[in-house]
Amino acid sequence: MTGHYDNNYPEEGVRMRFRSIRRLSAAAVVVAGVCVATVPSLAFGQSPVQITFWSWVPNIQNQVTAFNASHPDIQVNYVNAGQGETEYQKLTTALQAGSGAPDVVQVEYQYIPQYVALHGLANIAKDIPAGTGSKFVDSVWKQVSPNSKTIWAIPQDSGPLGMLYRQDIFQQDGLTVPKTWAQFAADAIKLHTANPSDYLADFPVNDGGAIESMFWQAGATPFQVKGNTVTINIDDPDSMKVAEFWGKLIGAGDIATEPDYSTAWYTALGNGTYASLTPAAAWAPVFLEGIDKSTSGSWRAAAVPQWSAKGKPINGDWGGSTTAVTAQSKYPKQAAEFATWLNTNAQSASEFANSQSLYPTLKSLVNSPSYADQQIPFYGGQEVNKVFAKASAEVNTKFQWSPFMSEVYTVLQDEIGDAAQGSLSFAQAMKDTQAQIVTYAKQQGFTVKT
Amino acid sequence: MTALTTFLEQGLTRRNRRRSFATLVMLLFLVYFMLPIFWLIVSSTKSDSQLFSTFGLWFAHFDLLQNLHQVFTYDGGIYLTWLGNTALYAVTAGVGAALCSTMAGYAFAKYRFRGRNVLFAVVLGSIMIPQTALVIPIYLLLSKVGIINTPFAVILPSLVSPIGVFLMRVYADRAVPDALLDAARVDGAGEFKIFRAVSFRILVPGFATVLLLSFVATWNNYFLPLVVLSTPKYYPLTVGLAQWNSSSSAGGGANVLFSIVVAGALVAVVPVAIAFLLLQRYWQGGLTAGGVK
Amino acid sequence: MAGSSQVSLTPTKAPAARVWHTRRRSLQRALVPFAFLAPFLVLFAFFLITPLVYAFRMALYNERIVGGTVFVGLSNLEQAVQDSSFYTGLEHMALLGVVQIPIMIGLALLFALLLDARAVWLPSLFRFGFFLPFAVPTVVAALMWGDLYAPSFGPLSQVSRDLGLGTPGFLTSGWMLGSLGNIVTWEWTGYNMIILYAALKTIPPEIVEAAAVDGASPLQTALRIRIPFISPALVLTGVFSIIGTLQLFNEPQIMSVIAPQVIGTAYTPNLYVYNLAFSSHEFNYAAAVSFVLGAFVFFTSYVFIFLTRKQR
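Just so you know, the sequences run in chain order C, P and H. The first sequence begins at 1 in our numbering and counts up by one. The second sequence begins at 1 in our numbering and counts up by one. The third sequence begins at 1 in our numbering and counts up by one.
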C-alpha cells in the first residue's frame, strides 16, 4: 500500500494566518528554552530532557515513574488533560494556536489520520528501533503505520469485538448463544416478547465508534485514502446491511437505544435489563467487572455473531488508543523513545493489560499463557482473553480510517439518532451521511471518489 | 420567631390571612427550588450501586462519610487542590472585577466625556458575541503572552465584567448625588480622593453585589478554564468534577466515579451558599440607595 | 495623547502660572474619567476586543485540510446567514425564549413584589432559598436535572408511575425544550428576583405611602406604581435573559450526552458553533456563524428595548 497520509499536501506557507504569530511565539519559546536549557546544564553538567505526556489511562503515573527511574536523561511529566473529547478539544486548540501541545499524547486509532492531516503528529519512523512493528498485531500496526517509512504512533491497546452475556438470563429464557446476527435477532425478539421491559442488547446511537466497528465487522471499507484522494463508500452494501438490521430491531422496539456510558445504561447493565453487551470490545470484560460486582459469576464471553454462518469469521475494532508524538515536540527522539518503551516494555504492557483494563496489542502478550489462560471468576472461571485473542487475529485489515473521523462520527450519530427516533429510515440515514461527508471532504479540498 | 409572635398577637386579621396564603404559595415554589438540592444531598449519601437502584429522593444506606473521604483522597487528594484553586480564582477575580466595574461604572455615571455613550454601547454590545467564538483567539492570545495553562489565564479574563459595569453605572447614577460631589470639589478635594473618601462608601452595597456576582460567576465558570487549562493541578472544581464524571465513559480503562462526583458537587456548592449567607446583608438589601437616604 | 505622562490624580498644590494652571486643570479634568475607566478598559480591550477582532478576521478566511488558507471575504458570513442548521437552532431558542423568559421574569417579579411588600412570612428564607440554585454551577445543575429526568431510575418518573400517570418523556424530542427551559428557570429565577427586588428597594417609600393613603389596594400599588418604577430593571433582566437564551450552551451540551437522539449537533446555535469548530474543524466558518448569531442577539435585544420603551 502506498503512503496514504503523506506529508506533502499542505503547500509551504499555506497557514499564513498563524505564521507571524507562530514565528513570534517560536522565537519566544526558543529564547525561553535556551534560558531553561542552559542554566541548569551549566550548573549540573547534564539535565534530563523534559517531556510532557497527556493520557487518560488511570494510574498511568506508575508506568511514567518507572520510566523516569530507568531513564535518568529523560524526565516525563504526566498530565491527565481529560478523557477522549476533552483531550482532543485541547489538542486541537493547541495545534491550531501553534503552541501548547504536549510532546507525547494518547490518541485513538481513528483520529490518527485526522491529526496527521492537521499537521499535529510527528513521523517517528526514524526514531524508533527497526522491527518494532513486528511486535504488534498486524491489523493494529497497519492503523498506525501505513507504510514502513511512516509511523505515526505506537499502539497501546485495541478492541476487537466479542459478545458478553448473562448466562443465567440466557438459561432462564431458553436462549442459545447466537453464532450469527440472524440468530441474534431471533433471540432479541424472543427475549423481549417474554420480558417486555428487558432487552437482549442496547444499540448506542451516540457512539460512532461502536457503530463504525460493526460496519468494519461486516467487511465494509467505507474509506480508502491515497494521498489527497479519498474514496467514500459509507452506504456500501455491507454497511447498509448492518444499519438496516439494527434499524428493524429498533423500529420494533426489540433493542434498547440508551446512550452508552450514561447512568441509565450503567444501571440497565447492572440490573439485568440488558442480557448482553453486544458488541463488546476486548476491553469490555475488565470494564464490566468494575461496574457491578453483584453479577459476578453470571457473565460469559463469546465470539461476536457473524453475518454468514459459513466462511472465515470477520472482526472489527472498537476503541483502543495509541501513543503518538506531536509535531510541536522539541525532543521527538526522546518522546518516541518513551512512547515505544511505554507500549513494548514487558512490565508496562502487562500493567496496561492486567490492571488498567486495556486489551493488549503486543503479539507476545496476547498469546502468552500467563495472559490468555487467565481464568476470570467474574466470568465463571472462563478463559475470556482466549476468546478475544481469536477475535484479534480475525480483524479485517482492509479497513481504513478517513482523515476526518470526528466529522464522520458527528454526522453519523446525528443521522442514526434521527433514524432511531423514527423520523427517517436507517437506509436513508446512511445515504444522508454519505452525501454530507462527500460534501465535507470536497470542501476540505480532497479529491473525492465514490 | 418574631413572625410567629406577631401572628399570635394580631390573630387572623385580613392582612395576615393574605400573608399566610402568599407564604403558602411561596413555600410550594421553595419546594421546587430546593428539590434538586435535596436530591444532591440525598445522593451524596449513597454508594455507586445504590445511587440509581434506590429511590432518588430518599435516603438508603448512609455512606456520606465514605463518599466524602473518597472525594478528599481520590487521586492523591487533588480535590482539595481544586477547591483551593477555585477559591483563589473566585476571590481574586471577584474582588478585581468588582473594583474595575465600580470605578468604570462610576466614571460612566458621574462624568460627561466625549465618546461616553459609544464606549458604553461597545461594552454592553460585547456580551452579545458568544464565548465559543472567542475560544481560539483567547487561547492564542494567552499563549502569546505566555500565561496559557497558568492561574492567570483564568483570573485575568474573569476580571472583565461588562454586566458589572452596567450595574454599577445604574447604581452610581442613583446613589451618588451630584450635589455631594460638587460640595467636595468646592472643599478642594481631588477627584480620586472624592471617589475614595466619599463616593466609594456610598457605592459599597453595589460593590458587594457585583463582588458576589463575579465571585459566583468565576466559581461556576466551566468553559474558560476548560479551554485555557490542561494541567489538573490548576483546575477549578467544575472542570475537575467534569473530568471525574467523564472518566466513566472512557471505555477501556473506564472508572465509575458517580458517587464521588455527586458528593464532590455538594461540597462545591457549600462555600458559595456560605458566601450568600455572609453577604446577604448586601445582596438582600441589594443595590439600594440606602447609603444616602 | 499629549501630556498623558503628566496625568496625576492628586490635585496639584504648587501654584504655577495661573493660565497654565487652569489649562492643566481642565486637561486633568478631561482625563479623570479615563483614569477611572483605565483598569477596566485595558482588560476589556485585551481580553474581549482583541479576540473579537481576531475572530472576525478568522471569519474572512477559509482554511482547508488540503489546499491551505485562502481569503474568502464575506462569503463565510453569507453562507452562515443562509445556513438552515443555524436557523433550526435559532428556532428552538426562539420558541424556548418566548415561553420561558416571560414565565421566569414573571415569577421573579411576583416573588420580588411579595418580598418587598412584606407580604409573606419568613422573607429571608425565601430570598435565600430561591437564590440558592444560582450557587450551583450550570454544569452540575444540568447533570442533576439529567438524573432527575431519567425515565428508568429518575425519581420524578418513579413518582409519576406510582401515581399511575405513566412515565413522563422529559428527554423525548417533544419535551426537550420544556425540560431545558425548566433547568434555566430553576437556575435563574432567583437571580432575576434579586435584581428586581433591589430595584424595588430604590422606590422612595413616600410614594408608596402616599398611594396607600389615597386608598390604593396593594395590587393597584404594584401595577400602577411599583412595576412602572422598576421597568428599567425589568427591561434589563429581559435583555440578559434573551442574550442567555440565544447563547444557551452548557445545558444542551450536557443533555446531549443523555439524549443524543434528540439533541443533535445544531440543537442550539452555540452548540452548532462549538461542533463546527471542534468536530468539523471548520474554525473559520464557526467564527462566521457566531458573528451572525451575535448580530441576531443584538437585533433581538434592540427590538426588545425599542418595544418596551414605546410602551412606557
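Built from N, CA and C at the ideal position, the CB exists for glycine as well.
query                                                                                                                                          : result
Chain-order list of residues whose beta-carbon lies under 7 angstroms from that of Trp458 (chain C) (same chain, five-residue window excluded) : Chain C is shown only over 1 to 450; residue 458 (chain C) falls outside these bounds and no answer can be derived.
Unbroken alpha helix (DSSP H) run spanning Asn85 (chain P), endpoints                                                                          : 64-110
Interface residues of the segment 232-247 of chain P facing chain C [CB-CB below 7 angstroms]                                                  : Pro232, Gln243, Ser246, Ser247
Bounding residues of the alpha helix (DSSP H) (the contiguous stretch that carries Trp244 (chain P))                                           : 237-246
Pair within 8 angstroms by beta-carbon distance, Thr273 (chain C) and Ser197 (chain C)                                                         : yes
Straight-line gap, Thr229 (chain C) to Glu415 (chain C) (C-alpha atoms, nearest Å)                                                             : 25 angstroms
Ala28 (chain C) at chain P interface by Cβ criterion, 8 angstroms                                                                              : At Ala28 (chain C) the pLDDT is 42, less than 50, meaning the model places this residue with poor confidence and gives no usable figure here.
Alpha-carbon spacing of Phe131 (chain H) relative to Met193 (chain H), whole angstroms                                                         : 8 angstroms
Residues of its chain near Gly240 (chain P), where Cβ-Cβ distance is below 6 angstroms and the 5 sequence neighbours each way are ignored      : Trp82
Residues that Arg300 (chain C) bridges to, as DSSP identifies them                                                                             : C:Tyr165
8 angstroms Cβ cutoff, Thr202 (chain H) in contact with chain C                                                                                : no
8 angstroms Cβ cutoff met for Leu161 (chain C) and Gln217 (chain C)                                                                            : yes
Closest by C-alpha distance to Pro36 (chain P), when choosing among H:Tyr272, H:Thr237, H:Ser280, H:Leu156                                     : H:Leu156
Within 8 angstroms of chain P by C-beta, residues of the segment 294-306 of chain C in sequence order                                          : Ser294
Backbone secondary structure at Val160 (chain P) - three-state DSSP                                                                            : coil
Beta-bridge pairing of Leu277 (chain C) - partner residues as DSSP gives them                                                                  : C:Leu164
Cβ contact check for the segment 139-152 of chain P and the segment 161-180 of chain P: 3 or more pairs under 8 angstroms                      : no
Which residues DSSP lists as bridging Tyr87 (chain H), in chain order                                                                          : Answer is none; Tyr87 (chain H) lacks a bridge partner.
Chain A contact residues for Ile49 (chain H), given Cβ-Cβ distances below 7 angstroms                                                          : In the displayed structure, chain A is absent; the protein chains listed are C, P and H.
Buried or exposed by the 16-neighbour rule on C-beta atoms within 10 Å, applied to Gln110 (chain C)                                            : buried
Candidates C:Ala281, C:Gly253, C:Leu342, of which the one nearest Met163 (chain C) by Cα                                                       : C:Ala281
Where Val148 (chain C) falls, given that 16 or more other Cβ within 10 Å makes a residue buried                                                : Sequence inspection shows Ser at residue 148 (chain C); the Val mentioned does not correspond to that position. Label assigned to Ser148 (chain C): exposed.
Proximal residues of chain C, C-beta to C-beta of Val320 (chain P) below 8 angstroms                                                           : Look at the range of chain P in this structure, 1 to 293, and you will see that residue 320 (chain P) is not part of it.
Inside the segment 103-151 of chain C only - alpha helix (DSSP H) runs reaching at least 4 residues                                            : 112-117, 138-144
Contact between the segment 227-238 of chain H and the segment 131-141 of chain H (3+ Cβ pairs under 8 angstroms)                              : no
Start-end ranges of the beta strand (DSSP E) lying completely within the segment 51-109 of chain H, minimum 3 residues                         : 61-64, 68-71
Within chain P, the residues that Ala81 (chain C) reaches when beta carbons sit closer than 7 angstroms                                        : Ser230
Amino acids of chain C, ordered along the chain, whose beta-carbon sits closer than 7 angstroms to that of Phe46 (chain H)                     : Here the premise fails: no neighbours, minimum Cβ distance about 16 angstroms.
Minimum length 4: unbroken alpha helix (DSSP H) runs contained in the segment 19-59 of chain P                                                 : 48-51
Listed by chain order, chain H residues near Arg19 (chain P) by CB distance under 7 angstroms                                                  : Ala119, Val120, Trp121
Bridge partner(s) assigned by DSSP for Ser157 (chain H)                                                                                        : DSSP output for Ser157 (chain H) lists no bridge partner at all.
Gln171 (chain C) at chain P interface by Cβ criterion, 8 angstroms                                                                             : no
Under 8 angstroms from the C-beta of Asn250 (chain H): neighbouring residues of chain P                                                        : Tyr222, Phe223
Beta-carbon proximity of Ser308 (chain C) to Leu200 (chain C), cut-off 8 angstroms                                                             : no
Which of helix, strand or coil DSSP assigns to Lys431 (chain C)                                                                                : helix
For Asn77 (chain C), the three-state DSSP class (helix, strand or coil)                                                                        : strand
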